[in-house]
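Residue numbers (our numbering): -9 to 1001.
The beta carbon of each residue, even a glycine, is placed where N, CA and C say it ideally should be.
Bear in mind that the values here come from a model prediction, so they are computed numbers and not experimental data.
Reviewing the structure listed below.
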Amino acid sequence: MSCRRFLFASLVCSLAASPLPAEPQWIWASTKAVDKEKPSFRKTFEVAGEAKSAILKLTCDNGATAFLNGKQVLVNPDWQEPSQADVKASLKPGSNELVIKASNEGGTAGLVAALTVEGSDGKKTVVETGTGWEAAAENTTDWKPAVTVAKYGAGPWGDVFGKGGGKAGNNAPGVATDPKDIAVLPGFKVNLLYTVPKAEQGSWVSMTTDPQGRLLVGDQYGGIYRVTLPPVESNSQAKVEPLDLKIGGSHGLLYAFDSLYVMVNEKGAPQNQGKESGLYRLKDLGKGTFGEPQLLRAIKGGGEHGPHALRLSPDGRFIYLNGGNHTKEPENMERSLVPKRWGEDHVLPRMWDANGHARGILAPGGYIARTDAEGKVMEMFCIGFRNQYGLAFNDAGELFTYDSDMEWDLGMPWYRPTRINHCVSGADYGWRSGSGVWPDFYADSLPATVNIGPGSPTGVVAGTGANFPAKYQHAVFAADWTYGTMYAIHSTPKGGTYESVKEEFISGRPLPLTDVLVHPQDGAMYFAVGGRRTQSALYRVTYVGKESTERAKPLAATQEMQLRRQLEKFHVDGNHPDAIGQAWPHLSHPDRFVRYAARVAIEKQPVDLWDKKAITEPNVQGRIEGLIALSRVGNKNHQAPVLESLGTIDFSTMDLEHQLQLLRAWELALVRFGKPAPDVCLKLAEKFEALFPQKDNALNQELCQILIALDSKQVVAKTLGLMATAKDDSSQLASEELLARNSGYARAAGDVHTSQPNRQQIAYMFALRNARLGWTPELRETYFSWFPRARQWKGGNSFKGFIENTRQEALVNFVPDADRAALDQLSSKSDAQVVANYVAPKGPGKAYSVEDVLKLAQGGLKGRNYENGKAMFNSTMCLTCHRFNGDGGSIGPDVTGAGNRYTLRDLLENIIDPSKVISDQYDSHQITRTDGSLIIGRAVGEENGVTMVMMNPFAPTQLTKIKNEEIKEKKPYAVSMMPPGLINTLNSDEVLDLVAYILSAGNPQDARFAK
């Protein structure tokens, strides 16, 4: 329905008492949706006279069925494709009741609907979701007012009716993207082979080849089809025939061992009535027919985070399979290359997703497993993914996958982008639900080979066997559904793994890529688009350039790779008497992947054979790995010797990589063995207080968490001192060109680019919500005064919820009852402060370095905009603390003459890295009170025996007063109170206008502004 206001005539709806809304509203049973809930909604309305038509249009995240006067009239299986029908036959004169039974998967949910009734006189009346609707929980009659959760057009749904127009039964003919509108690298050519008739053949998401070279393809919610391909040199269309198989809803297909293997994901497919989700085998009977489906292994899970792709190992022995993070372990899994001691391993409590997604899902999360042709033995291969769909072995026999991000986390410190993982035996890649995602540097996990950015990973294939240049035969190709982009991942062997770079190989708009394969006979690449009932099509990619396509030899394995593979033999369950002797020396190996393989081999052996070796290992690197292993598989009796052994390692002499490893070892000792006795915690807290803070953001995050876990009394004051001036290390999420390929999904990424949330500040405040000790009234006020500023930032769908839940938990955890109302009110404000003549930066911004701005300034400080520079000076809060042309504050130095005092580099260093050089006139202080509590800030004055301290640079006039007799010690604090990153919300033109304004001393006639 177009968004118009309809007039009433002879047909009268029950909304007549109030003006009609201009458009329907998204409604739900409550403001916070719950995964798997199935509420019902109803609306009664009056109709006078006969109707000429009654068009009902609706969509629901995630699905709905509509009933008019008790008769089913419409089904909407997917919110991205609105459904519509003429329901006139079920309409009656007088009172009518429209009931919509909805369902939700995940966190976000909403229903939007509009019933347009046209009378015999041509005038229309509309009944739209919004005020007046009621909701009831599943199987109840407890009707209550429904809640409006969003205006029509709001994210994440957008203009759903405007985009799709509402498809009657989802059978409207579709048009595939023309190959002319698909960008591909020079020398390559894309051909459209087949446009899938959606009504008959659905939307294709999985592919494999049979021995005759035909494709077998799977409809996400339906059957399996056979595709006879035209010759590569032909312009003919592919021929498609349905297979009469009693199976469908496949997310993975594989032809191997004279059989078709099917990963059944969608149990609701018509062919799957009565079938469990899991791995099935259909033996090839010849002449194009297959036998009855045989369930090899039940795997509970379904939908987009359920079981996915299948892949045959290069040696032909195993079938590898993917399970997303909503997939249970395979039924009766016999073996595991991963030590079955996986856990959440958070030193502080995790916060579940603010919208309820994946709530309660624990390790192993997404996984890769393998089995034999008969499915007799199932073995866990590696774990710790979010939702990896495809997998592929490169020409060297190494396994890769493309794991998904949690786009709702955008802007939070734990967000990690979609990424390519080199998947090795026994590994954990660190996904945990909610805020619990492990950083890449955790020594008990393995990192990505390359980060991609926002997206929705689907098919993955190796270039092996392709008639492509050698570079692309070595590559792994990874498809992104959301942004219609296929990446070529070029990997160079390095140590026990690879160093990889991404290259955009194919892109289009729309081009919702689902699966991709390289044909073993004709050497062409084939990819499908579709999924979620979108228009599906099949394309072919060939190379028509001048480079040689002769078969390339696989890249040679490094010595570290060969060593890693030797160690991985000890990961197999069973007795390995020589495992400890062979693996132990490699705990000290300089390569992370080799060390990891050695540690897994050690963990698989009886702990009493090696626990003392771990505690006394003389090599520091080897001891850290050994103590991590002992913490993971040992018992409470090991805690004291593990802590003692860790305590002998000198943190101060280590490089950053090893410092992070050591801190993780400490964390695992605290998590796995439990919190030590109070006297032990006190001694450990004193040890770590002496190390905190450091110059590195990651070190500070880990030290902060450890100190809170140990009940440090200093961590609150020190962390709030860091928080006020924390510099965010994050980089741009993706190019504007990529985000433009799907503007609806890109909204959150665009919001992050524009508002530049300070993830380091968020990490500190998120951790401090758990601190119980060390709080003073002043520190609590400083903590809660931060939230209004954070509320101005934007991010993914869960961003605001995480910030609010942090605030709520903090109010409960460490605020006295008498202060709770006041601090609740302080932290509930919508704005940190009012800035006169505020002009919002247009952005998008980025985390600028000095070199970034110097490069921009080369030839860029001409023809600048004076008024915009002045506005940016004000809007970045410079005037709050600095004097300029007689205006502004006095917390920082007068910057009117900065253009004469500083070189451009010096000026930029003062803006971007203010702690590099701090004048003694504007230094900060760490003040220790006689009661042992700390105050960190800038002592701005002393009056009547009271020292006044500015603790929050965003509220410089709010001063904390400390009686001088309460001050035990006052010493310099080597962090400037000027926050770094204040220019990070500005785009490049805004930065240059600001710099020109400062250098000009506010002179509009300066040559930098001449046009």
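Checklist entry - Can you tell me whether residue 189 is buried or exposed, with buried defined as 16 or more other CB within 10 angstroms of its CB? => result Flag for residue 189 reads exposed.
Checklist entry - Does the region 333 to 346 come close enough to the region 525 to 534 that 3 or more CB-CB pairs lie under 8 angstroms? => result No, because fewer than three Cβ pairs between the region 525 to 534 and the region 333 to 346 fall closer than 8 angstroms, the two stretches do not touch.
Checklist entry - Taking the DSSP output, what are the residues bridged to residue 941? => result For residue 941, no pairing in a beta bridge is given by DSSP.
Next on the checklist: Suppose the cutoff is 6 angstroms on Cβ atoms and the five residues either side in sequence are ignored; what does the same chain contact list for residue 805 look like?
Outcome noted: Cβ within range, chain order: 813.
Checklist entry - So what's residue 1004 in DSSP terms, helix, strand or just coil? => result Because residue 1004 is not part of the residues shown, which for the chain are -9 to 1001, the question remains open.
Next on the checklist: Are the CB atoms of residue 400 and residue 742 within a distance shorter than 7 angstroms?
Outcome noted: The Cβ-Cβ distance between residue 742 and residue 400 falls below 7 angstroms.
Item to check | residue 259 (DSSP reduced to helix, strand or coil) | outcome: Of the three classes helix, strand and coil, the one that applies to residue 259 here is coil, per DSSP.
Checklist entry - If you draw a straight line from the alpha carbon of residue 218 to that of residue 184, how long is it in whole angstroms? => result If I take the Cα positions, the gap works out to 11 angstroms.
Checklist entry - Which ranges does the beta strand (DSSP E) cover as unbroken runs of at least 3 residues, wholly within the region 360 to 425, from first to last along the chain? => result Secondary structure within the region 360 to 425: the beta strand (DSSP E) runs of 3 or more consecutive residues, fully enclosed, are 368 to 375, 381 to 383, 389 to 393, 408 to 413 (chain order).
Checklist entry - Where do the ends of the beta strand (DSSP E) carrying residue 345 lie? => result Here residue 345 belongs to no beta strand (DSSP E), and DSSP marks it neither H nor E.
Checklist entry - Who are residue 484's beta bridge partners in DSSP? => result Residue pairing by DSSP places residue 484 opposite 487 in a beta bridge.
Checklist entry - Considering residue 570, what are the terminal residues of the alpha helix (DSSP H) in which it resides? => result Segment 569 to 573, the alpha helix (DSSP H) holding residue 570.
Item to check | Burial state of residue 165 (16 or more Cβ within 10 Å) | outcome: When all chains shown are included, residue 165 counts as exposed.
Item to check | Where residue 441 sits in the DSSP three-state scheme | outcome: In this structure, DSSP gives residue 441 an extended state, which the three-state scheme calls strand.
Checklist entry - In three-state DSSP terms, what is residue 502? => result Correct three-state label for residue 502: coil.
Checklist entry - Smallest Cα separation from residue 25: which of 895, 233, 984, 316? => result Here the closest residue by C-alpha is 316.
Next on the checklist: So, for residue 698: in the same chain, excluding its five sequence neighbours on each side, which residues have a beta-carbon less than 8 angstroms away from its beta-carbon?
Outcome noted: Only 338, 705, 757, 758, 760, 761 meet the Cβ criterion.
Checklist entry - Which runs of the alpha helix (DSSP H) fall wholly inside the region 767 to 854 and span at least 4 residues, in chain order? => result Within the region 767 to 854, the complete alpha helix (DSSP H) runs of at least 4 residues fall at 767 to 775, 777 to 780, 789 to 804, 807 to 817, 840 to 847.
Item to check | residue 640 versus residue 299: straight-line alpha-carbon distance, rounded | outcome: Rounded to whole angstroms, residue 640 to residue 299 spans 47 angstroms at the Cα level.
Checklist entry - Who are residue 138's beta bridge partners in DSSP? => result Its beta-bridge partners are 17.
Next on the checklist: Could you tell me the alpha carbon to alpha carbon distance between residue 972 and residue 924, rounded to whole angstroms?
Outcome noted: Within the model, the alpha-carbon separation for residue 972 versus residue 924 is close to 27 angstroms.
Next on the checklist: Taking its Cβ as the centre, do 16 or more other Cβ atoms sit within 10 Å of residue 653, making it buried, or is it exposed?
Outcome noted: Per the 10 Å Cβ criterion, buried.
Item to check | For residue 485 and residue 439, believed in contact at Cβ under 8 angstroms, the rounded distance | outcome: With a Cβ gap of about 11 angstroms, residue 439 and residue 485 do not count as contacting.
Next on the checklist: So, for residue 425: in the same chain, excluding its five sequence neighbours on each side, which residues have a beta-carbon less than 6 angstroms away from its beta-carbon?
Outcome noted: Answer for residue 425: 340, 341, 404, listed in chain order.
Next on the checklist: For residue 194, list the residues DSSP reports as bridge partners.
Outcome noted: DSSP, once it has assigned bridges, lists 209 as partnering residue 194.
Checklist entry - Whole-angstrom Cβ separation of residue 209 and residue 238, contact assumed at under 8 angstroms? => result The Cβ separation is near 7 angstroms, so the contact holds.
Next on the checklist: Can you find the residues in the same chain that come closer than 7 angstroms, C-beta to C-beta, to residue 334, ignoring five residues on each side of it along the sequence?
Outcome noted: Only 340, 352, 353, 422, 426 meet the Cβ criterion.
Checklist entry - Would you call the region 509 to 528 and the region 383 to 400 touching, i.e. three or more CB-CB distances under 8 angstroms? => result Touching, no.
Next on the checklist: By DSSP's criteria, residue 915 is part of a beta bridge. Which residues make up the other side?
Outcome noted: Residue 915 is bridged to 927, 962.
Next on the checklist: If I measure Cβ to Cβ from residue 374 and keep anything under 6 angstroms in the same chain, skipping five residues before and after, which residues do I get?
Outcome noted: The residues are 355, 418, 419, 420, 421.
Checklist entry - Would you call the CB atoms of residue 774 and residue 817 closer than 7 angstroms? => result A Cβ-Cβ contact shorter than 7 angstroms links residue 774 with residue 817.
Item to check | Option in 728, 700, 687 with minimal Cα separation from residue 443 | outcome: Taking only the C-alpha atoms, the option nearest residue 443 is 728.
Item to check | Three CB pairs or more closer than 8 angstroms across the region 108 to 115 and the region 59 to 73 | outcome: Verdict: no, contact absent.
Checklist entry - What does a CB cutoff of less than 7 angstroms around residue 846 pick up in its chain, not counting 5 residues either side in sequence? => result Closer than 7 angstroms at Cβ, skipping near neighbours: 978, 981, 982.
Checklist entry - What is the residue span of the alpha helix (DSSP H) that residue 743 lies within? => result Element bounds for residue 743: 737 to 745.
Checklist entry - Which class does residue 495 belong to by DSSP, given the choice of helix, strand or coil? => result Three-state result, residue 495: strand.
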